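Before any comments, here is the structure.
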Amino acid sequence: MRGSGAVASIEPRSYTRPMEQGTRTDRAGTPPRFVDPRRIGALAGLVGAATFVFSYAGGLDDAAAVVVKVLVVVIVVATLGMLFVRPRGLGRFVPPSRVAIGVYLLCVVGELALIRVGTDALVDAGRDELRPALIVLVVGLHFLPFAWAFHERMFTWLGAMLVVLGTVGLLTAAAELVAVIAGLAMGGMLLAYALGLFARRAG
Numbered sequence: 011m012r013g014s015g016a017v018a019s020i021e022p023r024s025y026t027r028p029m030e031q032g033t034r035t036d037r038a039g040t041p042p043r044f045v046d047p048r049r050i051g052a053l054a055g056l057v058g059a060a061t062f063v064f065s066y067a068g069g070l071d072d073a074a075a076v077v078v079k080v081l082v083v084v085i086v087v088a089t090l091g092m093l094f095v096r097p098r099g100l101g102r103f104v105p106p107s108r109v110a111i112g113v114y115l116l117c118v119v120g121e122l123a124l125i126r127v128g129t130d131a132l133v134d135a136g137r138d139e140l141r142p143a144l145i146v147l148v149v150g151l152h153f154l155p156f157a158w159a160f161h162e163r164m165f166t167w168l169g170a171m172l173v174v175l176g177t178v179g180l181l182t183a184a185a186e187l188v189a190v191i192a193g194l195a196m197g198g199m200l201l202a203y204a205l206g207l208f209a210r211r212a213g
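Put into structure tokens, the structure is as follows:
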């Protein structure tokens, strides 16, 4: 009887431990890596970073173009590894509210509208070569409200950095070069995020 009692007292522990590690959240309330909206959302940023580099590296000489393309691929692969293969903690998870989702959708629509209006203005002015810098600027602007909506300070740094780069590109007419730099910087910022350097601590 003692033996069966000992077994009975042990079985619930060994049975409930896997349940504590279910598919919804871990013990800290953070979603599993493959359904964590922060990690999934970072994929869009990585696509944007690679797009900037691969779309505008053609303005560089051949050797420089190869270097920046290889570099952004390395950054993207490293970031994916830190997000999904050997994930680091991203800090306390705050589930996105309906307001946050609404802000996100409005920002995306506003981004597309601003790019369209800005492009038309540049074409009318005969300065359509500045479009890459315009895109960098607008992408940066659309990131800024995310810092408040999603409680992620990384968006403040990312948005501000792209706004500055885009403005520099418009003022100096180095639009394609600025877009390439923006892509590399954007990828680097997301890698830092994946490494947990912007993690929000509980408390």
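In this note's numbering, the protein residues as written are 11 to 213. Ideal placement from N, C-alpha and C gives every residue a C-beta, glycine not left out. Because the structure is a prediction, the values reported are computed rather than measured.
query: For Met199 and Thr129, the rounded distance between their alpha carbons; result: 27 Å
query: For Gly101, the three-state DSSP class (helix, strand or coil); result: strand
query: Through-space distance from Ala131 to Arg102, alpha-carbon basis; result: 43 Å
query: Whether Val82 touches Ala59 by CB criterion (8 Å); result: yes
query: Which of helix, strand or coil DSSP assigns to Arg96; result: coil
query: Span of the alpha helix (DSSP H), counted from its first residue to its last, around His152; result: Arg141 to Phe160
query: Supposed close pair Tyr203, Ala159 - CB separation, criterion 8 Å; result: So it is not a contact: roughly 16 Å between Cβ atoms.
query: CA-to-CA distance, Pro42 to Phe64, given in whole angstroms; result: 32 Å
query: Unbroken alpha helix (DSSP H) run spanning Pro47, endpoints; result: Pro47 to Tyr66
query: CB of Phe94 within 8 Å of CB of Arg48, strictly; result: no
query: Short Cβ contact (8 Å threshold) for Ala192 with Leu172; result: yes
query: Cutoff 8 Å: Ala159 Cβ touching any chain D Cβ; result: Looking at the structure shown, chain D is missing, and only one protein chain is on hand.
query: Own chain partners of Phe153 with C-beta closer than 6 Å, once the 5 adjacent residues on each side are dropped; result: Phe165, Leu168 and Gly169
query: Cut-off 7 Å between Cβ atoms - residues of its own chain near Glu121, not counting five sequence neighbours on either side; result: Val148, Val149 and His152
query: Classification of Thr89 by the beta-carbon crowding that lies within 10 angstroms, buried from 16 upward; result: buried
query: Minimum C-alpha distance to Ala189 - residue among Arg126, Leu116, Val119 and Arg141; result: Arg141
query: Delimiting residues of the alpha helix (DSSP H) encompassing Ala209; result: Run containing Ala209: none; DSSP gives neither H nor E here.
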